[in-house]
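All remarks here apply to the structure that follows.
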Ligand code: SAM
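Residue numbers (my numbering): 61 to 335.
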């Protein structure tokens, strides 16, 4: 008998993966968690029936959410990830000469599952520069002023505990927690299926930060494949950054020319954020 996992891309579209083996399922305090071994995409982390990552293309999302803000900043020393309990974003951050990388994940079970089933991602947790906090990122960030050089919000979709991670009050707290040259990035979903959310988040960030910018990457396993990230910056104009010509860390998707071109967004995305 064949086993398939289907995920809603939108109310009327589903994407299905042929599954070799169900490695783990559990109901945590916050969500349903599953790790599946798929035929084509390797291991997959699923939260509340939504694919968080597959081993086949996780590098695209994690490289783009980490390297673009870190290279834009130029010399970040203290970096924070909110969410990101799989460790993929942390792994990419630690390729840079940062002094400290903190991660605040609400659900410790995501970290545990990653340590057990996703060693390529959870490798980051044992780096001496990494500090892990298991609590709500919304409450955590309120305790900091002028502290982090880069803050990355690597969240689930805006449901359950992640709803507040897409609110203006939270972005205000992030602004306060950033240092003078601070940069903030959040994953802001598909411009096809979450256009209203992208528009709202961009508008909040543009109200708070002197600079706001949207960039994109193509992540085949995410709904619509074209994915957006929204950046807020206190001092550096993300559209006018001297990106070093040579990439001095290992990457499979990110390159200096992709860094420059990813801010050239399609006309319909520009339209969403400029209305
Ligand atoms: N790359 C993924 C994506 O876009 O599908 C997101 C990956 S990561 C697994 C998202 C994490 O955010 C989850 O582990 C979830 O528990 C965490 N999360 C959700 N709300 C949170 C909150 N308020 N504070 C901290 N972490 C949160």
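Where a beta carbon is used, it is the ideal one built from N, C-alpha and C, also for glycine.
Where residue i sits in the DSSP three-state scheme
i, result
"residue 305", "coil"
"residue 10", "Absent from the structure is residue 10, since the part of the chain shown begins at 61 and ends at 335."
"residue 290", "strand"
"residue 104", "strand"
"residue 267", "helix"
"residue 209", "strand"
"residue 242", "strand"
"residue 116", "coil"
"residue 81", "strand"
Cβ-heavy atom distance, residue i to the ligand SAM, below 8 Å
i, result
"residue 180", "no"
"residue 140", "no"
"residue 222", "yes"
"residue 77", "no"
"residue 63", "no"
"residue 170", "yes"
Extent of the continuous alpha helix (DSSP H) run through residue i
i, result
"residue 172", "168-177"
"residue 321", "316-321"
"residue 138", "Where residue 138 is concerned, there is no enclosing alpha helix (DSSP H), although the beta strand (DSSP E) it sits in stretches over 138-143."
"residue 329", "327-334"
First and last residue of the uninterrupted beta strand (DSSP E) at residue i
i, result
"residue 66", "63-70"
"residue 92", "92-98"
Burial state of residue i (16 or more Cβ within 10 Å)
i, result
"residue 123", "buried"
"residue 244", "buried"
"residue 111", "buried"
"residue 152", "buried"
"residue 215", "buried"
"residue 103", "buried"
"residue 291", "buried"
"residue 199", "exposed"
"residue 209", "buried"
"residue 119", "buried"
"residue 328", "exposed"
"residue 240", "exposed"
Supposed contact pair residue j and residue i - C-beta distance, whole angstroms, cut 8 Å
i, j, result
"residue 225", "residue 242", "Rounded, the Cβ-Cβ distance is 18 Å, inconsistent with contact."
"residue 260", "residue 217", "So it is not a contact: roughly 14 Å between Cβ atoms."
"residue 211", "residue 234", "5 Å"
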